[in-house]
Every structure is written in structure tokens, then in C-alpha cells.
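Written out below as C-alpha cells is the structure these notes cover.
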Amino acid sequence: MTAHHHIQIDKEKRGTGMNMVNPDAKDQDAVALFQYIADEDKFSKLLENPQILKTPIVRNGKQATLGYLPDVWKKWE
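Each residue of the sequence shown is one higher than the one before, starting from 1 at the first, in full-length UniProt numbering.
Structural data, given as C-alpha cells:
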């Protein structure tokens, strides 16, 4: 991962308030683990378990959404 990608991910992480986990993901063990680990470890654990990420992740310039949000996307220019 390049420094540029790390900066972009960091911006998106802050912009979403770490609300990046799909509570209905198939891997419920990983979802449960994520809920109980220290906040400073959550982002790295999320990168290790991408199967629990909300999808789709859609970017529009500096904006990003997690999950299926067509009403939000329609408002983007």
C-alpha cells in the first residue's frame, strides 16, 4: 500500500466515523471480535477481515459511502 492510499483510507475512515462494519456479515465471529477489540486496533483488524466491511464502498471525490445508498449517490454531481 502506498502512502497515498494510506492517506485516502485514513480520510475515509475519519469521514465515516468507523461505521464501516456490516453487522449482518456472514462472518459473525469476526463481527463480534471487532466489537470488543480496542479502538486503536479496529482499523488494522478491519483490513485483516475485509469480509465484514459494508459494501459497496463508493467514492465521489472527497465523499464516500459505505453500503447501498442510491439516494445519496443521486445527489452527487
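Heads up, the beta-carbon is just placed ideally off N, CA and C, and yes, glycines get one too.
Between which two residues does the alpha helix (DSSP H) containing residue i stretch?
| i | result |
| --- | --- |
| V58 | That residue, V58, is in no alpha helix (DSSP H); its beta strand (DSSP E) goes 57-60. |
| K75 | 70-75 |
| A30 | 28-36 |
On the premise that residue j lies in contact with residue i, defined as a C-beta separation below 8 Å, what is that separation, rounded to the nearest angstrom?
| i | j | result |
| --- | --- | --- |
| I52 | D27 | 6 Å |
| A25 | V31 | 5 Å |
| K54 | G67 | 4 Å |
| F34 | L47 | Their Cβ separation, rounded to whole angstroms, is 11 Å, which puts F34 and L47 out of contact at 8 Å. |
Going by DSSP, name the residue or residues bridged to residue i.
| i | result |
| --- | --- |
| V21 | L53 |
Grab the span of the beta strand (DSSP E) containing residue i for me, first residue to last.
| i | result |
| --- | --- |
| A64 | 63-66 |
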